[in-house]
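Shown next, in structure tokens, is the structure this report addresses.
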Amino acid sequence: DQQVKQNSPSLSVQEGRISILNCDYTNSMFDYFLWYKKYPAEGPTFLISISSIKDKNEDGRFTVFLNKSAKHLSLHIVPSQPGDSAVYFCAASPTSGYALNFGKGTSLLVTP
Amino acid sequence: NAGVTQTPKFRILKIGQSMTLQCAQDMNHNYMYWYRQDPGMGLKLIYYSVGAGITDKGEVPNGYNVSRSTTEDFPLRLELAAPSQTSVYFCASSPQGGNTIYFGEGSWLTVV
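If you read the sequences in order, they're chains A and B. Here the first sequence stands for residues 256 to 367, where the numbers follow the numbering used here. Here the second sequence stands for residues 40 to 151, where the numbers follow the numbering used here.
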């Protein structure tokens, strides 16, 4: 049973526009959420995180929004750049947990 | 700044062979993990360790074994390789559980 769900396998966005990647979770014990970015033939790299005491966290062009009542989070990339083309994984965990639970990923393509 | 180092990067195994994927981290992290990623799927936890001498099963442990004799090293042993173990394997570490984890670059394994 997938506790972290990314229902869009792929997304294509024009350079300069906003990319919005979505993630849903089912486990109400999750209180720490992360986004990872993965290029082909490389390991995932940490991008941004948010804890359940916040509803928004911003880091440069990347913003993560958390809606606890809907068990939904999203990653906004503004403006999108061709170098952002990668697979993005949503992950979640209880802070008392031992490991992260990952979604299946969304492949983002930013076109010039 | 090595971080998490995995070897080998690529390996082809015959059915029934055994091998060990090596993983080392130099960040003095207590927690270490092995994940596997199948095509179009998220990362699934195989085994994890909360410190030297302590290991535990994750979501998909069958066919694998681990040991943690030092803080730095966390090898993954595949016994009697099967085609279902064809995957990309990622080692990772974190300072504590339920927290940001840092991945190695991955080991691509094909069982034929």
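Glycine included, C-beta positions come from ideal geometry on N, C-alpha and C.
Chain-ordered neighbours of residue i on chain B, where CB pairs are closer than 7 angstroms
i, result
"residue 361 of chain A", "Those within 7 angstroms of residue 361 of chain A in chain B number zero; the least Cβ separation is about 11 angstroms."
"residue 298 of chain A", "129, 142, 143, 144, 145"
Limits of the beta strand (DSSP E) - the one that residue i falls within
i, result
"residue 313 of chain A", "311-314"
"residue 115 of chain B", "115-117"
"residue 36 of chain B", "Nothing can be reported for residue 36 of chain B, as the shown portion of chain B is limited to 40 through 151."
"residue 344 of chain A", "341-348"
"residue 59 of chain B", "58-64"
"residue 304 of chain A", "300-306"
"residue 45 of chain B", "43-46"
"residue 90 of chain B", "82-90"
Closer than 9 angstroms to chain D by CB, residue i
i, result
"residue 336 of chain A", "The displayed structure is made up of protein chains A and B, and chain D is not among them."
Close beta carbons around residue i, own chain, < 6 angstroms, minus the five adjacent residues each side
i, result
"residue 119 of chain B", "55"
"residue 254 of chain A", "Here chain A comprises residues numbered 256 to 367, so residue 254 of chain A is not present and cannot be evaluated."
"residue 287 of chain A", "306, 348, 350"
"residue 76 of chain B", "82, 127"
Proximal residues of chain A, C-beta to C-beta of residue i below 8 angstroms
i, result
"residue 141 of chain B", "301"
"residue 136 of chain B", "348, 351, 352, 353, 354"
Contacts that residue i makes with chain A (C-beta to C-beta distance below 9 angstroms)
i, result
"residue 99 of chain B", "In chain order: nothing, as chain A lies at least about 12 angstroms away."
Within chain B, the residues that residue i reaches when beta carbons sit closer than 8 angstroms
i, result
"residue 304 of chain A", "139"
Sequence-distant residues of the same chain with beta carbon closer than 8 angstroms to residue i, five excluded per side
i, result
"residue 84 of chain B", "72, 73, 74, 97, 98, 99"
Same chain, Cβ closer than 7 angstroms to residue i, neighbours up to 5 away in sequence not counted
i, result
"residue 129 of chain B", "74, 76, 82, 142, 143, 145"
(request) Would you check if the region 259-267 of chain A and the region 303-314 of chain A touch, i.e. whether three or more CB-CB distances between them fall below 8 angstroms? (result) no
(message) Using a Cβ-Cβ cutoff of 7 angstroms, what residues of the region 275-291 of chain A are near chain B? List them in chain order.
(response) 287, 289
(message) Along the region 339-358 of chain A, where does the CB come closer than 7 angstroms to a CB of chain B? Name the residues.
(response) 344, 348, 349, 350, 351, 352, 353, 354, 355, 357, 358
(request) Say whether the region 41-61 of chain B touches the region 106-115 of chain B, bearing in mind that this needs 3 or more beta-carbon pairs closer than 8 angstroms, one atom from each stretch. (result) yes
(request) Return the residues of the region 63-93 of chain B that lie within a Cβ-Cβ distance of less than 9 angstroms from chain A, sorted by chain order. (result) 70, 72, 74, 76, 79, 80, 81, 82, 83, 84, 87, 89
(request) Specify whether the region 331-340 of chain A and the region 269-284 of chain A touch according to this definition: at least 3 beta carbon pairs, one from each stretch, less than 8 angstroms apart. (result) yes
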